[in-house]
Structures are given as structure tokens and as C-alpha cells.
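Asker: Residues in the sequence shown are numbered consecutively from 1238, following the numbering used here.
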Amino acid sequence: MRVYFNILLMIFGLILTIQAQTNLPRDWYYGDPNENYVGISMNQAYENFLNKNLGRTVIVAVIDSGIDVEHEDLKDNIWTNPNEIPGNGKDDDNNGYVDDIHGWNFIGGPNGQNVGSDSYEATRVYASLKYKYENADPTKIAKSQKMEYEQYTKAKEIVDKEITKA
């Protein structure tokens, strides 16, 4: 009998909870605090900012290190800055970047050179496994972790070689 009473009590509590829920308008998160729903004020953003500013085309490309922009499959598809004269050491288009023929390497140095070893996959692998295997005894590595340890040692060799070259 007590079990039935507890079940009825839970059902009653659930019904009260469901009825107590407010009916939020659809997409309430776009609303404004003045509308009693704290949201991102989308209408104000459109009225005060987005409708008053004309858009402009922005070209964005994410190219990993080692891309050959002269490769036969790529050279006709790589964007070229029409306002820049290649190799003259000047900022011909006055955008603040010297010789930005195919854009600018924002990860690279101030002269547009590539970062090199910091963008290698080995650097990422080494950094992610370093805490686990840096001072590990190779003879005590579990069999299930041998492959991961080998990845770490190979990545460490590559990173160390690049550091000594620098």
C-alpha cells in the first residue's frame, strides 16, 4: 500500500512540476531582457548594427605548412593578390603586409616566413604525450601502451632534431 502511495505522490509531483513550467516563446534566446527573456537581443543587433553596415568580401583560407602553391593541381585555384607585385619587398596594396601574394601567414614570423617545426604534426603528438612518457622507463610500459609510447619517441626525435637545427 505504501508503494502505491509513493507512486501516486511522485505522479502528482510530476504533474505539478509540468504545469508550473512557463511557456517560453519559440527562439526565446534571441530575445531581449526588456522582453522578460534574457537572450542575445538579436533584433537590436539587426536594427543598430547589421542593417547599417554594408558587408564586404573577405577571403579566408587555412593552408597547412608544406603546401606547394605552384603544384599543377593547385596553381589555378590558389588566390593571388592582384594588387601586390611579387618579390619587390614592398607593401604595394598598403594593407600592412609586404609581398602578400597568396595572403599572409599569421602563424609565421613578422616577415611572413613559415613557423616550421611548431606546425608539424609531430609537435602536437609530442606535446600531448610528453606528460605521460617523459620520464617513463621503457621496460615498464604496459603492452597496451607500447604503440602510443613508440609514437611519442618518434615524435620526440623529430621535435628534438628540429630544435637542434634551429
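For glycine and all other residues, C-beta sits at the position ideal for the given N, C-alpha and C.
Quick caveat, the model's predicted, so the values are computed rather than measured.
With a threshold of 16 other CB atoms inside 10 Å of the CB of residue 1295, please say whether the residue is buried or exposed.
Answerer: exposed
Asker: Between the region 1371 to 1382 and the region 1328 to 1339, do three or more beta carbon pairs fall short of 8 Å?
Answerer: no
Asker: Which of the three DSSP states is assigned to residue 1261 in this structure?
Answerer: coil
Asker: Find out if the Cβ-Cβ distance for the pair residue 1329, residue 1322 is shorter than 8 Å.
Answerer: Yes, the Cβ-Cβ distance between residue 1329 and residue 1322 is below 8 Å.
Asker: Leaving aside the five residues before and after residue 1276 along the sequence, list all residues of the same chain whose C-beta is less than 7 Å from its C-beta, in chain order.
Answerer: For residue 1276, where only same-chain residues beyond five positions count, the Cβ hits under 7 Å are 1265, 1266, 1267, 1268, 1269.
Asker: Is residue 1366 buried or exposed, if buried means 16 or more other CB atoms sit within 10 Å of its CB?
Answerer: buried
Asker: Taking 8 Å as the cut-off, decide whether the C-beta atoms of residue 1370 and residue 1357 are in contact.
Answerer: In terms of Cβ geometry, residue 1370 and residue 1357 do not form a close pair [threshold 8 Å].
Asker: Hey, how far is the Cα of residue 1368 from the Cα of residue 1293?
Answerer: 45 Å
Asker: I need the boundaries of the alpha helix (DSSP H) containing residue 1380, first residue and last residue.
Answerer: Looking at the DSSP string, residue 1380 is not in any alpha helix (DSSP H), and its letter there is neither H nor E.
Asker: What's the C-alpha gap between residue 1396 and residue 1389?
Answerer: 10 Å
Asker: Between the Cα of residue 1318 and those of 1249, 1262, 1331, 1309, spot the shortest distance and give me the residue it belongs to.
Answerer: 1331
Asker: Starting from the C-beta of residue 1326, find all residues in its chain whose C-beta is less than 8 Å away, skip the five residues before and the five after it, and write them out in chain order.
Answerer: 1335, 1336
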